[in-house]
Every structure is written in structure tokens, then in C-alpha cells.
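Count the sequence shown with this note's numbering and you get residues 15 to 917, in order.
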Amino acid sequence: MIKPAIWMRNRLYESYCRLDITVLVLGLLVTVSGVLLAHIWDNEQRTDAFYADADIRGIEIQQQLNRLVADVQAVAQFYDASESVTAGEFERFARPFIERHPIIRALSWAMRITAAERGTFEAQQRVDGVTDFAVHQFATAAPQSDLFPITRIVPLAKNAPALGFDLGSETHRRAALEQAINTGQPAATAPLELVQETADQRSLLVLVPVFHAGDERTRHTLRGLAVGALRLGELVEEVLKALPPQPIDLVLRDPSAAGDAGVLHVHSAHPQSVTRHTLHRCLTAAFRHEIPLTIAGRQLTLAAAPAMGAYPRSWWPPALLLIGLTLNAALFFLLRHDRRTTAQLFEREERLQLFITHAPIALALFDRDMRYVVASRRWCQDYGLSDCDLTGQSHYAIFPEIPDRWRVAHQRGLAGEELRADAEPFERANGTVQWSRWKLCPWRDGDGQIAGIAIFTENVTAQRAAEVALEISEERLRLALDAAQLGIFDWDIATDHIVWSAQHERLWGFAVGEFDGSYAAFSSRVHPDDLARVNANHNRSMTDRSHLAQEFRVVWPDGSVHWIAGYGEFTFDAAGQATRMRGVVMDITPRREMEEALREREHWLAESQRIAHIGSWVHELDGRIIWSDEVYRMWQLSPASFTPTAENFLQLLHLNDRPVMQAWIEDCWAGLSPDNFVYRILRADGEIRYLSGGGELQCDAHGQPLRMAGTVLDVTDMTQAYTILRDQQERLEEALALAQLAHIDSLTGLTNRAGFTEQLARIHATAQRHSHRFALINLDLDGFKGINDAFGHQMGDQVLRDVAMCLVENCRPEDCAGRYGGDEFALLLNDAPDAGAAVTVAERIRDRIAIMRWQGYGVSASVGVALFPDHATELDQLIHLADVAMYAAKAAGKNRVILARFI
Numbered sequence: 015m016i017k018p019a020i021w022m023r024n025r026l027y028e029s030y031c032r033l034d035i036t037v038l039v040l041g042l043l044v045t046v047s048g049v050l051l052a053h054i055w056d057n058e059q060r061t062d063a064f065y066a067d068a069d070i071r072g073i074e075i076q077q078q079l080n081r082l083v084a085d086v087q088a089v090a091q092f093y094d095a096s097e098s099v100t101a102g103e104f105e106r107f108a109r110p111f112i113e114r115h116p117i118i119r120a121l122s123w124a125m126r127i128t129a130a131e132r133g134t135f136e137a138q139q140r141v142d143g144v145t146d147f148a149v150h151q152f153a154t155a156a157p158q159s160d161l162f163p164i165t166r167i168v169p170l171a172k173n174a175p176a177l178g179f180d181l182g183s184e185t186h187r188r189a190a191l192e193q194a195i196n197t198g199q200p201a202a203t204a205p206l207e208l209v210q211e212t213a214d215q216r217s218l219l220v221l222v223p224v225f226h227a228g229d230e231r232t233r234h235t236l237r238g239l240a241v242g243a244l245r246l247g248e249l250v251e252e253v254l255k256a257l258p259p260q261p262i263d264l265v266l267r268d269p270s271a272a273g274d275a276g277v278l279h280v281h282s283a284h285p286q287s288v289t290r291h292t293l294h295r296c297l298t299a300a301f302r303h304e305i306p307l308t309i310a311g312r313q314l315t316l317a318a319a320p321a322m323g324a325y326p327r328s329w330w331p332p333a334l335l336l337i338g339l340t341l342n343a344a345l346f347f348l349l350r351h352d353r354r355t356t357a358q359l360f361e362r363e364e365r366l367q368l369f370i371t372h373a374p375i376a377l378a379l380f381d382r383d384m385r386y387v388v389a390s391r392r393w394c395q396d397y398g399l400s401d402c403d404l405t406g407q408s409h410y411a412i413f414p415e416i417p418d419r420w421r422v423a424h425q426r427g428l429a430g431e432e433l434r435a436d437a438e439p440f441e442r443a444n445g446t447v448q449w450s451r452w453k454l455c456p457w458r459d460g461d462g463q464i465a466g467i468a469i470f471t472e473n474v475t476a477q478r479a480a481e482v483a484l485e486i487s488e489e490r491l492r493l494a495l496d497a498a499q500l501g502i503f504d505w506d507i508a509t510d511h512i513v514w515s516a517q518h519e520r521l522w523g524f525a526v527g528e529f530d531g532s533y534a535a536f537s538s539r540v541h542p543d544d545l546a547r548v549n550a551n552h553n554r555s556m557t558d559r560s561h562l563a564q565e566f567r568v569v570w571p572d573g574s575v576h577w578i579a580g581y582g583e584f585t586f587d588a589a590g591q592a593t594r595m596r597g598v599v600m601d602i603t604p605r606r607e608m609e610e611a612l613r614e615r616e617h618w619l620a621e622s623q624r625i626a627h628i629g630s631w632v633h634e635l636d637g638r639i640i641w642s643d644e645v646y647r648m649w650q651l652s653p654a655s656f657t658p659t660a661e662n663f664l665q666l667l668h669l670n671d672r673p674v675m676q677a678w679i680e681d682c683w684a685g686l687s688p689d690n691f692v693y694r695i696l697r698a699d700g701e702i703r704y705l706s707g708g709g710e711l712q713c714d715a716h717g718q719p720l721r722m723a724g725t726v727l728d729v730t731d732m733t734q735a736y737t738i739l740r741d742q743q744e745r746l747e748e749a750l751a752l753a754q755l756a757h758i759d760s761l762t763g764l765t766n767r768a769g770f771t772e773q774l775a776r777i778h779a780t781a782q783r784h785s786h787r788f789a790l791i792n793l794d795l796d797g798f799k800g801i802n803d804a805f806g807h808q809m810g811d812q813v814l815r816d817v818a819m820c821l822v823e824n825c826r827p828e829d830c831a832g833r834y835g836g837d838e839f840a841l842l843l844n845d846a847p848d849a850g851a852a853v854t855v856a857e858r859i860r861d862r863i864a865i866m867r868w869q870g871y872g873v874s875a876s877v878g879v880a881l882f883p884d885h886a887t888e889l890d891q892l893i894h895l896a897d898v899a900m901y902a903a904k905a906a907g908k909n910r911v912i913l914a915r916f917i
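Okay, here's the thing in C-alpha cells:
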């Protein structure tokens with residue numbers, strides 16, 4: 015009969031023999047599933063990253079296209095504002111757009127004429143200065159009743175072949191021209207090659223129609239078209255140059271054109287890549303992304319594909335497969351190798367494998383004699399044991415320095431208790447201390463008897479050192495704050511809960527921990543006469559988003575009054591709502607008392623000069639000097655030990671004050687009556703005192719000098735008080751000056767460009783949230799350079815200051831006037847009721863400037879007005895429209911106000 019233990023061992027062995035195949039199959043299934051999931055996740059990550067990078071480029075290119083169309087529309091508005099535009103006026107107006115956007119090949123004007131007017135028109139153009147002007151067409155062009163020759167073009171040097179070219183003589187240009195005339199909106203041509211193009215580059219033309227004012231918009235009322243020649247290939251490269259480089263190939267194409275005819279530009283992330291290969295990959299690759307773009311009503315497509323080798327597949331799915339297969343193979347062969355062991359050895363190896371493979375922290379298993387049954391690798395690493403095979407060794411033999419308290423803990427664990435500690439020091443034999451977090455619990459054998467203990471430990475020495483360093487840092491901060499008598503507060507506005515430091519509570523007369531964190535408790539200690547001002551300052555700082563700085567009184571429970579200086583800042587969420595306020599407070603009672611004492615001392619000083627004993631002295635003609643007792647007291651000298659003379663008196667003065675005193679004495683003997691002055695003396699104990707001295711020359715009836723006499727007063731305390739007060743005042747003035755310099759134009763006192771831009775952005779955000787209207791007025795002086803050249807920059811500066819004062823006088827408190835620089839100004843009208851009101855203000859300012867004179871000379875102003883949201887809702891577009899309107903005013907003859915066109 016087989017004993018139960020042997021039977022159990024055999025049953026375990028038989029089960030173990032089948033376990034290797036089962037584990038191998040399950041392991042392979044898990045490995046394959048994990049690799050498939052990892053592969054799917056990796057593809058999603060690659061696709062998301064690539065699409066996000068491609069979409070960013072599409073958005074930036076679309077925004078640049080919109081800006082270029084806006085430039086062409088500006089040219090159309092310029093012609094719409096004036097019935098007659100000379101070549102010079104067109105050059106001055108269009109040149110800034112070309113310089114700002116070099117990717118614009120040309121800005122031009124095409125005038126509509128009939129075929130019958132062709133000869134007369136060509137002759138008139140030659141008379142106007144366009145030498146050899148002739149209307150020319152494509153050789154294959156069919157006769158048309160209307161012609162659209164290019165009459166103005168900038169820059170002329172690079173685009174001379176296009177001058178006189180009839181836009182209607184070519185199919186693509188004719189189609190876009192007809193679309194613009196029929197819709198009255200900007201239209202773009204299909205990809206084409208420019209007449210003046212010397213390189214093999216596809217371009218687009220954007221055409222904006224301009225009709226005669228007041229007439230119905232038909233072909234017969236058409237004046238002409240503003241034309242912009244755009245090199246979209248350079249546009250794409252310029253946008254990509256401004257973005258962080260990404261390995262993405264791009265193809266910009268017109269989907270309405272077949273084959274390569276619709277390709278506008280091919281961008282390869284790798285310059286050495288063949289353009290044909292890049293084009294084929296972007297248009298046919300499975301891993302690609304197409305982004306729709308629009309320019310002047312024409313649909314374009316930006317096809318994107320990763321460059322060769324870009325957005326590679328992650329290495330870890332195949333690595334996971336390799337690791338899984340390796341682990342499965344290793345486990346399979348390990349199980350096959352060990353399956354012939356006994357059930358007892360199998361159980362022991364299984365327990366050992368569990369400890370070594372799965373233990374996240376250091377752990378060890380001991381028998382009742384504290385001999386190692388098994389220990390994890392982490393245990394050996396944490397305790398610096400090079401040999402991790404500890405089975406059968408005594409724990410006390412390996413660590414003979416172990417404290418007795420731990421031996422007691424081991425015995426308590428063997429008795430059935432569970433023990434733990436979060437941080438306990440353990441001193442090593444080499445003198446180092448290791449901090450450990452540990453848990454001790456008994457383990458039982460198959461019969462339920464305690465067979466030993468298990469110990470789980472974690473080395474927290476680094477964490478403990480960090481905690482100690484943090485405690486030291488916090489204590490140093492607390493000591494620094496206490497030494498400076500600074501209190502810190504953090505006000506959570508959403509929950510209306512305030513957190514104070516201990517010093518803050520002391521400054522308010524609370525015991526540490528007594529403050530309940532409410533605003534009511536804060537305000538209960540504020541002096542009643544100051545509470546309304548404190549609340550108003552909070553509200554104003556929250557509304558203006560400005561730094562809060564204020565001084566007020568706090569009344570303690572014992573009735574004592576303390577002066578407090580508070581400084582803080584609000585933080586705001588994305589919606590513009592105040593969420594928190596943080597800052598510091600400090601007790602300035604001594605400073606306030608010093609200021610009050612200083613004022614009181616000045617009063618009593620005046621009284622003391624009348625009733626107090628002020629030191630006096632007499633300097634005789636024979637050189638003798640006589641001092642009063644008060645003078646001796648000031649010097650801490652006695653008449654018995656010191657006899658003053660002209661020489662030893664000067665030796666008592668501070669070295670730097672001796673020449674001044676010598677000169678003062680000589681002036682007094684000369685009868686010049688010099689003013690009193692303050693000088694320093696050196697006492698015997700080394701102390702420096704400040705004295706205020708004065709005197710006069712006494713003469714006889716014949717005007718001959720008799721003696722020199724005067725008084726002296728110790729003003730050391732007053733001088734020190736004045737020095738402290740002056741230093742504080744200088745620091746305050748420096749802080750205020752620094753705050754103003756960041757946003758104030760030093761010449762005119764107006765808000766500078768940075769401050770005006772910040773205020774404009776703030777008003778724009780408020781107007782968007784509350785659907786308010788505001789107006790932006792841009793103003794540029796006409797003729798200012800003439801005054802500068804004729805009278806110099808001092809007169810020019812005076813002109814700028816007077817114009818700035820004119821703007822301020824025509825502003826409301828809620829408006830903002832600023833100087834962009836040079837002779838450019840801007841005015842922000844908050845809550846403007848309508849365009850008429852804004853134009854009225856602009857006309858009033860223009861009229862006022864027009865009548866101003868400086869030595870008989872005057873200037874005028876060209877003014878552009880744009881309203882939010884009437885003309886534009888985006889801030890940069892609104893600024894652009896105001897600039898365009900201002901330039902249109904200059905081009906139309908200057909000294910006028912022009913309202914921006916709608917977009």
C-alpha cells in the first residue's frame with residue numbers, strides 16, 4: 015500500500031509532466047495576442063501622430079493663403095476708394111505687401127476696355143509714361159469684345175513681360191475672370207505658368223473684381239480686376255520653414271486638373287529624394303492623408319505621406335514576440351528538465367520561482383531557527399549581499415550587528431504576531447545607517463503549524479533623506495519668513511477658502527491655527543475705516559488683472575492697531591474668471607511709527623531751536639576758539655582735556671568733510687555769509703555723528719571783522735531717519751518707474767506698442783465674451799518728415815507730444831490712446847455704438863490736428879477706422895483692415911478718414 019505522502023508526490027509529478035505542454039500552449043496564445051494588440055496600438059499611435067503633424071501644416075498653409083487673398087482684396091479696396099490711381103500711387107501702396115510677403119510674384123491691376131478702345135487705350139498709356147505699351151495676347155486667343163490688359167504691376171522689373179497682357183486671352187485666366195465677374199467675389203485660376211515666369215514653377219492668379227461705385231455689379235459696370243500672382247510652392251516652403259521639421263512629404267495640387275497639370279508643388283522631407291517618387295508616394299501610398307484647402311473659391315488638396323523611414327513601426331511589438339517566445343521556450347525546457355524531481359522538490363522550486371520572479375520588494379522566508387529558506391534578488395541587492403544563495407544560512411550569522419529589538423520582533427513573529435514599521439533605522443557594521451520599511455508575518459506548513467516567518471522590506475534611505483531635506487528646507491523657509499515678518503496667503507476664490515501661514519495669523523492677532531480660512535474672518539480684523547478701500551482694491555485688481563499692492567490697518571483683539579502692507583496677484587482660468595489669489599503681507603507698523611515720529615521730531619526740532627540749549631561757538635581774530643558746554647557734550651570732550659584750535663578742530667571732522675569745512679570758514683571770514691551745512695564728526699569712541707552748523711562774521715561799526723560766531727546742532731537721528739525714508743521712497747519710485755517703462759512711451763506719455771497691444775487683446779477678449787463692439791483707429795501723420803527736416807528732432811518731438819495730447823483730450827476714461835512708433839498712433843474706442851460714432855471721433859481728431867501749427871507749419875493725419883465685429887472678428891485681421899484703411903486714406907490724398915471694408 016502506497017503511503018499518502020508518496021501517493022500525493024506521484025500525483026503531483028504526473029500533473030507536472032503534463033504542465034509543460036499546457037504552459038507552452040497558453041504562453042504562445044498570450045504572446046501572440048499581446049503582439050497583435052501591441053501591433054494594433056502601435057499603428058494607431060503612428061497614424062495619430064502623422065495625421066496631427068500633417069493637419070498642423072495644412073492649417074498653417076490655409077491661414078497663409080487667406081492672408082495672401084486679403085492682400086489682393088486690399089488692392090481692390092484701394093482702387094474702390096479712388097476713381098483714379100497713378101502708377102506712383104499704385105507702386106507706393108502695393109510695395110509694402112510685396113515686401114511683407116515675398117511669395118507674391120506680382121500685384122497688378124487689369125482694366126476692362128472694349129476691343130474698339132484698344133488703340134486709343136494703348137496710345138493713352140504711352141502718353142502716361144508707359145513706353146512701348148501694347149496690349150498682347152496668346153497667339154491662339156479668339157477675338158473678344160472685352161479686353162483686360164495689365165496696366166499696373168509691382169514689381170515692374172521682374173514682371174515687365176506681363177505688362178499689357180490680356181487676361182481674357184488664355185483659357186484658365188478667362189475662366190477665373192468670368193467667375194469673379196459673375197459672382198462679384200475673388201476667384202483663383204487653375205495651376206498655370208506665368209507670362210513673366212522664367213523658372214519652371216506652377217502658380218495661381220487671384221482675381222478680385224472692382225465695379226463702378228453705385229452701379230449694379232455687371233460686366234458693363236466692371237472697372238477692372240486686382241490681380242495677385244502667387245507662387246504657392248514658395249508659400250509651402252516658407253510655412254514649413256517656420257514650423258518644427260517633421261519627416262513628411264507634401265504635394266499641393268489642384269484636383270480639378272488631370273495628371274501632373276494640377277501639381278502645384280512637391281515638398282520632399284529629404285532633399286535627395288526624387289520628386290517623382292515623392293509625388294507617387296503622396297498620391298498612392300496607403301499610409302497618407304489628404305487635407306482640403308481653399309483659395310479664392312478654388313479647392314486645392316494637400317496630400318501628405320511620411321518620408322522614407324519616417325514614423326517607423328515601434329520596435330517593441332517584435333521585441334515582445336521575441337521575449338514571449340524566449341520566455342515560453344525557456345519555461346518549457348525548464349519544466350521538462352525539472353519534471354523528474356520529487357513532488358517536494360517541485361513544491362520548493364515553485365516557491366523559490368515565485369519569490370525570485372514576482373517579488374516587487376525585498377523579501378525572505380525563514381524557518382523557526384531563522385535560517386533562510388529562500389530570499390529574493392531584491393533582498394540581496396538592498397542588503398549588499400554578493401552571494402544570493404542563502405538557503406540554510408543563519409540570518410544572525412550574516413548580520414551579526416542586528417539590534418536586539420529586531421531579534422525580539424522575530425520571536426514575536428514566530429509566536430504568531432504580525433508586525434510592521436514604515437521607517438526604521440538599521441546601523442551597518444561600516445557605520446552607515448539604512449532606513450527600511452518592513453512587515454513581518456508568520457508562515458505555516460501543510461499542517462497549519464507555524465513553520466517560520468516571512469519578512470518584506472524596502473530600502474527607503476533615499477526617501478528618508480529627501481523627507482529630512484524637505485523638512486529642513488521648510489524650516490528654513492519658515493525661519494526666513496518669520497525673520498522677515500512675512501505672511502503668505504493663498505485664496506481659493508471658487509471655494510472662498512483662504513490658507514494662511516503661521517506668521518500671517520500672528521500679524522492678524524490670531525493664535526496659530528485659530529484662523530478658519532474665511533474672507534469674513536480676514537475682514538473682521540481690518541480697520542473699519544480701511545475695509546471699503548481694501549475690498550475696492552481687490553475688485554479693481556481682479557477686473558484689471560493688475561498686481562495688488564496696498565497698505566491698511568489691522569485691529570487686534572486687545573485694541574492695538576497694526577499697519578499691514580499686502581501684495582498679491584490673481585490667477586485666471588481659460589474663461590477669464592479669477593480662480594486664486596496668492597501673495598504676502600508684512601507688518602509695516604515700525605515704518606509707519608518712524609514716519610510719524612519723524613514728523614513729530616521735525617515739529618519739536620523747531621521748538622527746541624527756540625527753547626533748547628543749542629551749542630554755540632566763537633572764533634576770535636587771534637585764532638582762539640571758544641565752545642559752549644553743549645558743543646563739548648556733542649564731541650564727548652571736556653574743557654579740561656581739550657582746547658579747540660583751527661587745526662585740531664578740523665582733525666575731529668570726517669576726512670571727506672574737512673575741505674568743505676575749510677572752504678566754509680574762509681567764505682565766512684570773507685564776509686560771504688555761506689549757508690548752514692551738515693558735516694560729520696568722529697567721536698573718541700569711533701561713532702560718527704552728523705552736525706548742522708552755521709555762523710556769521712561780526713564786524714564793528716566801521717565794518718571791520720571782530721569775530722566769527724555761530725551755532726551747532728546734532729542732527730544724527732534726524733539724518734538717519736531721513737536716510738531711511740529717502741531709501742524707501744527711492745525704492746518705491748524705482749518700482750513704479752519700472753512698472754511704467756514696460757508699457758509707457760517715454761516721449762508722449764501714451765501707452766507704447768507693447769502696452770497698447772496688450773490692452774487691445776484684453777478688450778478683444780472681453781468683447782468676444784460679452785458681444786460688445788469696439789473700434790480701432792490707426793492714424794499716421796502727413797508731412798511730419800518735413801517738420802523734422804526743417805526744424806530738427808526737438809520740434810518733431812514737440813509735434814508728437816501735441817498730437818498725443820490731442821488724442822488724450824478726445825478720449826473717454828474707458829478708451830486707450832497709444833503710440834506705435836515714429837509718427838504712427840492708435841486709438842481704441844471701447845463700447846463704440848456704431849461705425850458712425852467711431853468715424854465722428856476720428857474726424858474730430860483729424861480736424862484738430864489739421865489746424866495745429868508749429869512756427870507756421872502744420873501736419874495732417876490719414877486715418878483708418880475698423881470695427882469689431884462689423885469688419886472682422888479676428889484681432890490680427892481687424893488690425894490689418896485698420897492699416898489698409900489708413901493706407902487707403904494716404905493714397906486717396908491724405909488728411910482724411912476712411913472706414914475699412916467688410917470681410
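No residue lacks a Cβ here, since even glycine has one placed at the ideal position from N, Cα and C. Small disclaimer: the values here were computed from a predicted structure and weren't measured.
Put residue i into one of helix, strand or coil per three-state DSSP.
i    : result
A319 : strand
T100 : coil
P719 : strand
M900 : helix
R915 : coil
R23  : For R23, the pLDDT reaches just 47, beneath the cut-off of 50, and the residue's location in the model is therefore unreliable, although a value from the coordinates is still provided. The answer is helix: DSSP assigns R23 an H, G or I state.
R408 : The question names Arg, yet the displayed sequence has Ser at residue 408. If DSSP states are grouped into helix, strand and coil, S408 belongs with the strands.
Which residue or residues does DSSP assign as beta-bridge partners of residue i?
i    : result
P110 : None, per the DSSP bridge assignment.
K453 : R434 and F470
G800 : Answer is none; G800 lacks a bridge partner.
V569 : V575
A324 : Answer is none; A324 lacks a bridge partner.
S400 : Note: S400 sits in no beta bridge, so no partner.
A120 : A243
Between which residues of its own chain and residue i is the CB-CB distance below 7 Å, once the five residues before and five after are set aside?
i    : result
Q407 : R385 and Y386
R672 : L664
V569 : R539, H541 and V575
Excluding the 5 residues preceding and the 5 following residue i in the sequence, name in chain order all residues of the same chain whose CB lies nearer than 6 Å to its CB.
i    : result
I640 : V632
D396 : A376 and N473
L889 : H778
R434 : K453
Tell me which same chain residues have a C-beta within less than 8 Å of the C-beta of residue i, skipping the five on either side of it?
i    : result
A283 : P259, Q260, P261, I262, D263, A321 and A324
L307 : G72, I75, Q76, L79, L266, Q313, L314, T315 and L316
Which two residues bound the contiguous beta strand (DSSP E) that contains residue i?
i    : result
N549 : Careful: N549 lies outside any beta strand (DSSP E), inside the alpha helix (DSSP H) at P542 to D558.
W505 : L500 to D506
Y693 : F691 to L696
L686 : First-last for L686: undefined, no H or E at that position.
M600 : A592 to D601
F413 : No beta strand (DSSP E) holds F413; DSSP gives it neither H nor E.
Establish whether the CB of residue i and some CB of chain C are separated by less than 8 Å.
i   : result
L82 : Reference to chain C is not applicable here, since this structure consists of a single protein chain.
For the alpha helix (DSSP H) that contains residue i, what are its first and last residues?
i    : result
P680 : The question names Pro, but residue 680 is Glu in the sequence shown. Run containing E680: R672 to W683, per the alpha helix (DSSP H) assignment.
G707 : Careful: G707 lies outside any alpha helix (DSSP H), inside the beta strand (DSSP E) at I702 to C713.
W420 : D418 to L428
S538 : Y533 to S538
Jot down the residue ranges of each uninterrupted alpha helix (DSSP H) in the stretch 759-819, minimum 4 residues, whole runs only, in chain order. 767-784 and 798-805
Note down, one range per segment and in chain order, each beta strand (DSSP E) of at least 3 residues found wholly within the stretch 217-293. Complete beta strand (DSSP E) runs here, min 3: 218-225, 236-244, 262-267 and 277-281.
If we require 3 or more residues per run, which beta strand (DSSP E) segments fall completely within the stretch 122-204? The qualifying runs are 164-168.
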